[in-house]
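Reading through the structure tokens given below for one structure.
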Amino acid sequence: PTPIQPDSCFGGLEVNSELSSCVVGFKGVIWNFLVGYSLNLVISFSMPEGKLFHSSKKLRHSATSLCEQNQSYIQCTASIPLLYRTIGQHLKLAAQKFPNNEALVSCHEGLRLTYSAVLEKADRLAAAFYQLGLEKGDRVAIWAPNCSAYYLATFAVARAGMISVGVNPAYQVPELEYALNKVGVKALVMAESFRTRNYYNVLEELIPELSGSVPGKLKSSRVPSLKTVVIDCEERSYPGTFSMHDLLELPTEQQIRNIEAMQSRICPDSGACMLLTSGTTGQPKVALLSHFGLVNNATQAARRNELDTKDHRVCVHVPLFHAFGLVFGVFSTLNYGSTMVLPSAGFKGSDSLKAINKEKCTVVYGTPTMFVDMLAESRKDNVDLHPMDLAIFGAASCSPQLLLNAQNQLGIRQVRTGYGMTETSCATFLCDRGDSTESSLETVGRIMDQCEAKVVDREGNIVPFGTPGELWIRGYGTMLGFWGDERKTKEVLSNDRWFRTGDQFVLQPDGYGQIVGRLKEMIIRGGENIYPKELEDVLNTIPEVLETHCIGVPDDRLGEEVCAYVRVDDSVEGQQFDMDRLKRFCKDKLAHYKIPKHLRVVEELPKTTTGKVQKFRLLELFLMENKEN
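If you want this note's numbering, it's the position in the sequence shown, counting the first as 1, plus 304.
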């Protein structure tokens, strides 16, 4: 096999010089590993099935010595080696192994695609991108809800050696303008509509030149990098745009074959995907993730989620433009030929329940809020669900009570939790096969294979096992950097590639961990540290409470007091939820200083589209309500 030239293709250096300051070359990575790990790397390169793996003997020794010192550091030795493979190669192998398996079922579109059909359509679209003048390394934004167009465009961009940019389908004009300009998007693939919005009308508000432009030759004053707009539509045409349906018919057979021929020239270490962080604390950042990190996180997630045990059908209602849906849904189903089922374009509890029954889903992924809504729908309509083997709760903290309710009321054999971030290519902790329900109730699982974790104090010193501190992660999935933002990259990513999560965490010697809360969300009341998650877990056990979120609010005497924002279930009779009810319930469960002083019962909570509550919005609401004080 032809040797790979690592320096020429690492980390997207050839596509944007802005990133050179926050992404090191391959030799630099090796040097960081040698310094940071103090061990040798064993590297084996071959063609697509080649592997990159660590020498586990010294890693085990390193982890053991720190355990003996009772320091919160752990490294999970490999049960399987890491795969040196691109997303495009990953799809090709799936199509070869499972050509006739259903890869995608989009219930709301009435569409079914096999793995062989997905590969064929992805290569057609990739070839069309080149015909439109796009080049390797160009950024292609995908602005769509959960649909077949998003799924196919993701693989087409990867097969073309370009970089996909997931754009939130709920974005308004200012947010869309920010996202497109932040990364210099050259092409935009978008849905025709979502809910009540026509995307073309929104885009035309941002780019008034669109309707008068020649398709592929756009000149926009507000988004100067954007040249091509592609719309997923069949029944009508839009001025200045290409139809995805027409693009699939554009390339010749030779041009399609050229896409396969170029796969060996796409480096697994290069940037594959850009995801915008959820923005729960302000303006989103853009994390650049590699083929290598995404493929391996998906592979390990597939094994831990036991997708290898049978032909699973996976209900995915988490958004595909975020890491949870993209990695656990789109990519991990490839490993064993599983079927990804999309119930609806945007989450709706009743649609998910219908899809689970109709498609006989065996696995379901969701945020805690999604399971709350599914439980409410199942009680309202008395739905008898098709039995499921596994549910994975992710993207936000989950109370033990919700896990038990979902398991018992939705008839799920196993419920599991995990922990991860966009910046780490999704999961870094995940419950494993064979774990008990108690493990999920008490932890977020075990450190992923080939990853390191440590918990440190404010000075960066490793704390003893069982002691709260900030979680730091190092491993194959760590982002290459925040695109175009060296300062913010350096704030979270050390020179030796440790990623500072900003989460308060407790690590145990067996590699399992518990989230305590976000560092920035910790409430300091009269010098006492209060972790919101502890309070939320208690309040969520109140029968009439659907979900609770606690924040710190200003107090003249104590600095901060606790305010609880609560959604209640009106169908639970016999209780009126008020401050007296809250205090009575908490009296023998929480120390007096932890009991909320303020209570707000609300019908809805401000959330991102991935179901994360935006606590800074709750604080804004409280301050506006009490501005006179």
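Even glycine gets a Cβ: it sits at the ideal position worked out from N, Cα and C.
Look at the Cβ atom of residue 642, then the Cβ atom of residue 602, and state whether they are nearer than 9 Å. It is not a contact, given that the beta carbons lie outside the stated cut-off.
Distance between beta carbons of residue 752 and residue 721, contact taken as under 8 Å: 14 Å between Cβ atoms; not a contact.
Enumerate, from N- to C-terminal direction, the unbroken alpha helix (DSSP H) stretches of 4 or more residues contained entirely within the segment 829-868. Correct list: 836-843.
Between the C-alpha atoms of residue 640 and residue 897, what's the straight-line distance to the nearest angstrom? The C-alpha of residue 897 is placed about 51 Å away from the C-alpha of residue 640.
Hey, which unbroken runs of the beta strand (DSSP E) at 3 residues or more fall wholly within the segment 542-593? Assignment of beta strand (DSSP E) within the segment 542-593, counting only whole runs of 3 or more residues, yields 575-580 in chain order.
So residue 591 and residue 786 are supposed to be a Cβ contact under 8 Å. How far apart are they, rounded? The beta-carbon distance between residue 591 and residue 786, rounded to whole angstroms, is 6 Å. This is short enough to meet the 8 Å contact definition.
Below 8 Å on the Cβ atoms is my guess for residue 429 versus residue 460; work out the distance and round it to an integer in Å. Yes, residue 429 and residue 460 are in contact; Cβ-Cβ is about 4 Å, under 8 Å.
Contact check, residue 495 vs residue 426, beta carbons under 9 Å: In this structure, residue 495 keeps its C-beta atom at 9 Å or more from the C-beta atom of residue 426.
Going by DSSP, what residue range makes up the alpha helix (DSSP H) through residue 890? For residue 890, the enclosing alpha helix (DSSP H) stretches over residues 883-890.
In the DSSP assignment, the beta strand (DSSP E) including residue 904 goes from what residue to what residue? Here the beta strand (DSSP E) through residue 904 covers 902-905.
Taking 9 Å as the cut-off, decide whether the C-beta atoms of residue 726 and residue 659 are in contact. No, they are not a contact pair.
Exposed or buried, which one is residue 928 when buried takes at least 16 other CB atoms within 10 Å? Exposed, since its Cβ has fewer than 16 Cβ neighbours within 10 Å.
Taking only the alpha-carbon atoms, compute the straight-line gap between residue 445 and residue 679 and give it to the nearest angstrom. Answer to the nearest angstrom: the Cα atoms are 34 Å apart.
Exposed or buried, residue 882, counting other C-beta atoms within 10 Å across all chains shown (16 or more means buried)? Label assigned to residue 882: exposed.
N- and C-terminal bounds of the alpha helix (DSSP H) containing residue 603: For residue 603, the uninterrupted alpha helix (DSSP H) segment begins and ends at 595-608.
Check this for me: beta carbons of residue 655 and residue 750, under 9 Å apart or not? In this structure, residue 655 lies away from residue 750, with their beta-carbon atoms at least 9 Å apart.
Using DSSP's beta-bridge definition, name the partner residues of residue 501. BP columns for residue 501 point to 498.
Coarse secondary structure for residue 718, derived from DSSP in three states: Residue 718 falls in the strand class under three-state DSSP.
Which two residues bound the contiguous beta strand (DSSP E) that contains residue 692? First-last of the beta strand (DSSP E) with residue 692: 692-697.
Quick one: grab the DSSP three-state call for residue 672. When secondary structure is reduced to three states using DSSP, residue 672 falls in the helix class.
Any beta carbon from chain D within less than 9 Å of residue 446's own beta carbon? Absent from the structure: chain D. Only one protein chain is present.
Pick from 841, 833, 801: whose alpha carbon is nearest that of residue 818? Between residue 818 and the set 841, 833, 801, the nearest pair of CA atoms involves 841.
Give me the Cα-Cα distance between residue 719 and residue 437, rounded to the nearest whole angstrom. For the pair residue 719 and residue 437, the Cα-to-Cα distance works out to about 47 Å.
Between residue 553 and residue 663, what straight-line distance do the alpha-carbon atoms span, to the nearest angstrom? If I take the Cα positions, the gap works out to 31 Å.
What does the alpha-carbon distance come out to for the pair residue 456 and residue 619? A direct Cα-to-Cα measurement between residue 456 and residue 619 gives close to 18 Å.
I'd like to know whether the C-beta atoms of residue 844 and residue 714 end up nearer to each other than 9 Å. Against a cut-off of 9 Å, the Cβ pair of residue 714 and residue 844 comes out as no contact.
Per-residue DSSP class, three states only, for residue 396: Reduced to three states, the DSSP call for residue 396 is helix.
Who are the Cβ neighbours of residue 893 in its own chain at under 7 Å, not counting the five residues just before and after it? Around residue 893: 842.
Just to confirm before moving on: does the CB-CB distance between residue 598 and residue 395 stay below 9 Å? No. Outside cutoff.
Is it buried or exposed, residue 728, if we count other Cβ atoms within 10 angstroms and call 16 or more buried? Buried, by the Cβ-count rule.
Nearest CA to the CA of residue 594: which residue from 824, 392, 695? Measuring from the Cα of residue 594, the nearest candidate turns out to be 392.
Quick check on residue 516: does DSSP put it in helix, strand or coil? Collapsing the DSSP output to three states places residue 516 in a helix.
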